[in-house]
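Residue numbering for the sequence shown follows the numbering used here, beginning at 1109 and increasing consecutively.
Report on one structure; see the data block that follows.
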Amino acid sequence: MSAASRDAISVEPAAVEESLLQHSPETLEYCSEDKLDTMHKVVLEIKGVEQLHNLSKSLAEANIAHKLWTEQPENIPTSLATAPGRKTVLQPYFKRLKLCKGIQIEQ
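Dropping the structure here:
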């Protein structure tokens, strides 16, 4: 799952750091050739930077692999993505967030 802040100037496509997760059994299964076309991705909206930091902290405390992206050189957190995981594990952290709609990516 990923969450993006509306405060962000632009949102880049979320992808979890390869070095962090490349050997995880869940990641290997999720990215297997027979599942590439059926990957389930969800982009949710979060209210702002503070909430993004709080979500990252909660995930870290629960040992849930994730990446908090920070826009440089502004040093502004813009999005967060989790490693592939079971909905039952991830949903409690994201259940209050709504689907992200209407954010336009600058080109």
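For glycine and all other residues, C-beta sits at the position ideal for the given N, C-alpha and C.
| Relative to the C-alpha of residue 1159, which residue among 1208, 1207, 1172 and 1187 is closest? | 1187
| message | Does residue 1150 come out as helix, strand or coil in the three-state DSSP assignment? | response | Look at residue 1150 here: in three-state DSSP terms it is coil, with no helix or strand label.
| field | Start-to-end residues for the beta strand (DSSP E) that takes in residue 1144 | value | No beta strand (DSSP E) holds residue 1144; DSSP gives it neither H nor E.
| message | For a test of the three-state rule: what should DSSP assign to residue 1165, helix, strand or coil? | response | helix
| Should residue 1163 and residue 1138 be called a contact, given that it needs their Cβ atoms to be closer than 9 Å? | no
| task | Using the Cα positions of residue 1179 and residue 1210, report the straight-line distance between them to the nearest angstrom. | result | 20 Å
| Which stretch, first to last residue, makes up the beta strand (DSSP E) that contains residue 1176? | 1174-1179 is the extent of the beta strand (DSSP E) around residue 1176.
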